Every structure is written in structure tokens, then in C-alpha cells.
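These notes are about the structure you will find just below.
In UniProt numbering, the protein residues as written are 1 to 348.
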């Protein structure tokens, strides 16, 4: 398996991945199409471009595409999950085709924090939905969290059923099998893991995040009144929403607008190294040499991988604050001025 140098998720959900062997892969925003460029062989003419493949992702056989899709599904809003790319040991086949796991219900928020939670040895806190189909894991520092939920894979049979329903609504006929025949084996589900910043969570995860935050504070001996006096978090105003939330659905196998996909091709005269220059698209998540960078609306976050987080406010872009979690779970802050050139030289 090729070693990854850089992975970037842009604002439009497209992905670019650079590999150590010189390969360069791009995923469309919908995830259903990719372009893979490899380095030209040494015997090739200097002006001859390297091998280039453009293909639909669900038919990919390369591990490079699987790595890119795994990165995309972890940080994008909706995953791309063709059944062909779901490993056999990760499949969960439902015995009932009429049961659709599309929403979950979380415990009721209470001041005592009496709902079921679990702490591990690293100080991470997890909270499960009442039906067990989703789980939220809050880091020991509270700066980031991950969610794990069941998501239904998309199969050609499911797409055929969708097309059949659309044809019937238009009054046309389609020669396909009945839905009962197509789904005789039941739908296939798999666990999807997504990672988010606690300072800019998606709206559907705000309620379970508030449960985890409240439980974490109560375990640390803090009262709710004291927590309310602390600096307000961006999601604090939406934590009173309903306990039920709709889970992200997998994208369709086919894109309705493939002609709108835009690709960036390597210059054949500079095969030695692909410069990572940003273009019109805004990068949201960058992974480079084990360090994760997040670009939020008003904040830049850097996760070095040691459990700490380095955060920069847009008001003072050259000044960073390093949040370090101690053995007792307490978070200390340390100012790090003018560290932009030190931290970001990997990806600019």
C-alpha cells in the first residue's frame, strides 16, 4: 500500500490525495468519480504525461481509491458507500428489508447527568443512543469528538428501485425486477465514523454533544451554573433541540451532474514533485505527515496527534493557543505567538 503524503478535503466535499510514490488522486464532490495520475516511468519522454485513469469509484480496485474514500467519509457530511467497497467483515445484513435505520433517539438531558455514559482509561467519554445504532465519543480535552453510526450501503438494486418509483410517477414503464426480489437478502449496513470539532459541530450532533459535555463537567465536579459562566461555545444555543436526529444518508451511486466535475492535472514538465498550491476551492481539512489541520468559519485548529490542540482565532491570525490536557484531565493553555511558519510548512 502506497504511503500518503497529503490529504485534503475542500469546502465542496472534493478530495485530493498525494502519495509518496508520486501518484495524485482526486475525488469528485459526490465521491462517485475519481481521477488517478501516476508518475511517468523514467524511460518515458520528458514531455510525455504519466498514466492517467478516470473511472467511477464503485468499480475501483486500487487501494489508493479506498484510502481516499475512507478519508472523505470521515470528514464529509454524507458518506459515499457503494456495497461493492464495503469489506465483508464490516457488513451488517438486516433480516427485514422494510426496516430502515434512518434516525436515532438520544437520552434526555438532565442536570444530574444520570444517562448512560462510559469513560475509558484515556479520559475519553462515550455516550450511546437509546437504540444502540449511534455512539458519540468525546476526546479527553473536549476539543474534538467522533460519531459512529449505522449507515445503509447503496446497491444497484436500491438504485433500480428508486428509478422504478420515479418512472411510475412519470407514467412510464421500466423492465426491472420487483422490489421484493431485489431486496430478498435484506439491506446492508456498516458502521461509519466521522470526526468533528467541538467548536463547530454539525447541527444534527449538537444534542448528543451537549450530553457528553454536561456529563464531562459533572464528572469533573463542576456545577452547571459555573459551566454557564464560562465562555459560550458556538453550539450552546442549539442544545435544546429534540432528542431524535436523522442520521446522514449515503450518497447515490451515480452523480446527476458529472459534467460539472472539475479536475486539476499535473504539468508534464514538472513530474519530480507536485506543488500543493491552493486554488479557488477553500480547504476544510488537511492531513499532512500525521498532523490534522481544520479550517473552520472563524478558527483554525491543528491536532499534532499527541492529544493536544493548537487553536487560532481569526481576530489575531498570527497568535495561537496551545491547549494541553494533563493526566488529571485538566486543560492548561499556553500562548504560542508567531508559529505559523513552524506549523504549516508541511502543506503550503
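For each residue, glycine too, the CB sits at the ideal point set by N, CA and C. All values derive from a computational prediction rather than experimental measurement.
Mind checking residue 4: buried by the 16 CB within 10 Å criterion, or exposed? Your numbering for residue 4 matches position 4 in the chain shown. Label assigned to residue 4: buried.
Run of the alpha helix (DSSP H) containing residue 135, from where it starts to where it stops: Taking the first residue of the chain shown as 1, we reach residue 135 at position 135. Unbroken run through residue 135 is the beta strand (DSSP E), 134-138; no alpha helix (DSSP H).
By the DSSP assignment, the beta strand (DSSP E) with residue 293 in it spans what residues? Numbered from 1 along the chain shown, position 293 holds the residue referred to as residue 293. Residue 293 -> beta strand (DSSP E) spans 291-295.
Assuming residue 52 and residue 37 are in contact, meaning their beta carbons sit under 8 Å apart, how far apart are those beta carbons, in whole angstroms? Taking the first residue of the chain shown as position 1, residue 52 is located at position 52. Taking the first residue of the chain shown as position 1, residue 37 is located at position 37. Their Cβ separation, rounded to whole angstroms, is 5 Å, which keeps residue 52 and residue 37 in contact under 8 Å.
Spatially closest choice to residue 284 from 74, 64 and 45, by CA coordinates: To locate residue 284, count along the chain shown from 1; it is residue 284. For the residues 74, 64 and 45, the minimum Cα distance to residue 284 belongs to 74.
Hey, residue 250 and residue 90: beta-carbon distance below 8 Å or not? For the purposes of this step, residue 250 is identified with residue 250 of the chain shown, where counting begins at 1. For the purposes of this step, residue 90 is identified with residue 90 of the chain shown, where counting begins at 1. Not a contact, by the Cβ cut-off of 8 Å.
What is the rounded straight-line gap between the Cα of residue 70 and the Cα of residue 31? Position 70 of the chain shown, counted from the first residue, corresponds to residue 70. Position 31 of the chain shown, counted from the first residue, corresponds to residue 31. Each residue's Cα considered, the two are about 11 Å apart.
According to DSSP, residue 92 sits in a beta bridge with which residue or residues? Position 92 of the chain shown, counted from the start, is the residue given in the question as residue 92. Answer is 189.
Cα-Cα, which of 42, 257, 153 and 147 is closest to residue 58? For this step, residue 58 is matched to residue 58 along the chain shown. Ranking 42, 257, 153 and 147 by Cα distance to residue 58 puts 153 first.
Per DSSP, what kind of secondary structure is residue 203 in: helix, strand or coil? What you label residue 203 is simply residue 203 of the chain shown in a count that begins at 1. Looking at residue 203 - three-state DSSP - the assignment turns out to be helix.
Taking the alpha carbon of residue 429 as the point to measure from, which residue in 54, 27, 22 and 34 has its own alpha carbon closest? Since the first residue shown for the chain is 1 and the last is 348, residue 429 is missing from the structure and cannot be characterised.
Select from 308, 312 and 291 the residue whose C-alpha is nearest the C-alpha of residue 7. Locating residue 7 in the chain shown gives position 7, counting from the first residue. Closest option to residue 7, Cα to Cα, is 291.
Check this for me: beta carbons of residue 189 and residue 101, under 8 Å apart or not? By one-based count along the chain shown, residue 189 stands at place 189. By one-based count along the chain shown, residue 101 stands at place 101. Contact flag set, yes.
Kindly indicate the opening and closing residues of the beta strand (DSSP E) around residue 152. Translated into positions along the chain shown, residue 152 becomes position 152. Start and end: 144-152.
CA nearest to the CA of residue 432, picked from 134, 141 and 15: Residue 432 lies beyond the residue range present for the chain, which begins at 1 and ends at 348; the question has no answer from this structure.
Kindly list the residues whose CB is nearer than 6 Å to the CB of residue 148, restricted to its own chain and excluding five residues on each side of it in sequence; keep chain order. Taking the first residue of the chain shown as 1, we reach residue 148 at position 148. Cβ within range, chain order: 135, 191 and 193.
With DSSP run on the structure shown, which of helix, strand or coil describes residue 19? For this step, residue 19 is matched to residue 19 along the chain shown. Residue 19: strand per DSSP, three-state reduction.
Note down the Cα distance separating residue 128 from residue 138, rounded to an integer number of angstroms. As a working mapping, residue 128 is identified with position 128 in the chain shown. As a working mapping, residue 138 is identified with position 138 in the chain shown. Those two C-alpha atoms are separated by around 12 Å.
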